[in-house]
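**Student:** In my numbering, the protein residues as written are 6 to 426.
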């Protein structure tokens, strides 16, 4: 018994020593924030379009359709203030063009949202105050024209293969199983809205989504709604709008769609993060002012989509950290509710704080090296070179024929001259 007690005492002492040793060890590797990318949706706006039986016309909205409202300005100003608070120990208190960059799609509402956001993020202080009665300063918002935007405005245009995938999605069993329960409802909607049933059934043409959006905008701005727009009806329209967003970038052949859509922006963000990790560049933050489809496209591509339409001022954060051993990791946070902290998201196959190398490996299937080729677009430069070669060849043949004719014309002249003599 004494031997057993001694053995137990020895185990207890060993355990106590082990616990004490662990407690005396340094805390887990601390991490330092090195770089941030943020993608947000614009703020509250007026409807983008109306539908045939809509009770309200564009003239009833102060700035017309698709324009940022005072509520939207406030939402993005608040997001800017939140960003300032979240990164108060990371970003300079004053704007520095070498450390911060913001880009917007070419829409009034996104450009104005970016400006509102900057007002909250970088109110002038000290020497940047140019008017004590106006704590605001101009900060450049970079814009890419709609026709050349291959970065933020989704779905990306001029991609024949994506158009084919959308047509295939509409007839796929995956999509049909989701929309069939709503067929009777869609027939009713066709009558109530004045839209054609065949157009409503094709969710990726945005007609039903836009109709839901119009009713949503009208309701939150206290405009009267049609008698048929009951809560149950609007709730069903919202579900179909969510299905429209999901089927646009997912549901059917999601990985291939992502390579042609959301994966393009994921690659841009990842390259910025890699550059920040591999260089000593001064830039600390990149921000993109865009749309619900932009956030939906990247979240579906990363398989972190919650199935809900991104609300106004929703913001997806990508944060790059480095621990004291020099290892880099990425965290993703999604802010879709200003009353709570952003949700920490986890890339499937990794941890919430995902090593940079592992993150790059996991997203590689949705990244294309030649977007235009995978879209099925012809190489325009190649066509130009071929056309040039053909033109040169034809010119060469023309010259040969011309020389041949001139040669025979000369022989005929000499022969005729001899006969005249």
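Glycine is no exception: its CB is placed at the ideal position from the N, C-alpha and C atoms.
#1: Keeping to the same chain, check which residues put their C-beta closer than 8 angstroms to that of residue 133; ignore five residues upstream and five downstream.
#2: Hey, residue 301 and residue 371: beta-carbon distance below 8 angstroms or not?
#3: DSSP state of residue 359, grouped into three classes?
#4: Measure the CB-CB distance between residue 277 and residue 109 and report whether it falls below 8 angstroms.
#5: Is residue 164 helix, strand or coil by DSSP?
#6: By DSSP, does residue 44 sit in helix, in strand, or in coil?
#7: Using 8 angstroms for Cβ pairs, my map puts residue 379 next to residue 265. What's the rounded Cβ distance?
#8: How big is the Cα-Cα spacing for residue 405 and residue 413?
#9: For a quick check, are the C-beta atoms of residue 205 and residue 247 less than 8 angstroms apart?
#10: Considering only residues of the same chain and omitting the five flanking positions on each side of residue 244, which have a CB-CB separation below 6 angstroms?
#11: Measuring alpha carbon to alpha carbon, tell me which of 144, 39, 121 ends up nearest residue 92.
#12: Could you spell out where the alpha helix (DSSP H) holding residue 264 opens and where it closes?
#13: Please report the residue range of the alpha helix (DSSP H) in which residue 213 lies.
#14: Run through DSSP, which three-state label would residue 100 get?
#15: Are the beta-carbon atoms of residue 357 and residue 336 separated by less than 8 angstroms?
#16: What ranges does the alpha helix (DSSP H) occupy inside the segment 288–347, keeping only unbroken runs of at least 4 residues that lie completely in it?
#17: I need the straight-line Cα distance from residue 325 to residue 239, nearest angstrom please.
#18: What residue range is occupied by the uninterrupted beta strand (DSSP E) comprising residue 122?
#19: Assuming residue 70 contacts residue 54 (C-beta within less than 8 angstroms), just tell me the rounded distance between them.
**Tutor:** With the given structure in hand:
#1: Closer than 8 angstroms at the Cβ level, and outside the excluded window around residue 133, lie 99, 100, 142.
#2: no
#3: The three-state secondary structure of residue 359, taken from DSSP, is strand.
#4: no
#5: coil
#6: Residue 44: strand per DSSP, three-state reduction.
#7: 6 angstroms
#8: Going from the Cα of residue 405 to the Cα of residue 413 covers about 12 angstroms.
#9: no
#10: none
#11: 39
#12: 259–265
#13: Residue 213 -> alpha helix (DSSP H) spans 212–225.
#14: coil
#15: yes
#16: Qualifying alpha helix (DSSP H) stretches, in chain order: 297–306.
#17: 40 angstroms
#18: Segment 113–126 is the alpha helix (DSSP H) holding residue 122; no beta strand (DSSP E) there.
#19: 6 angstroms
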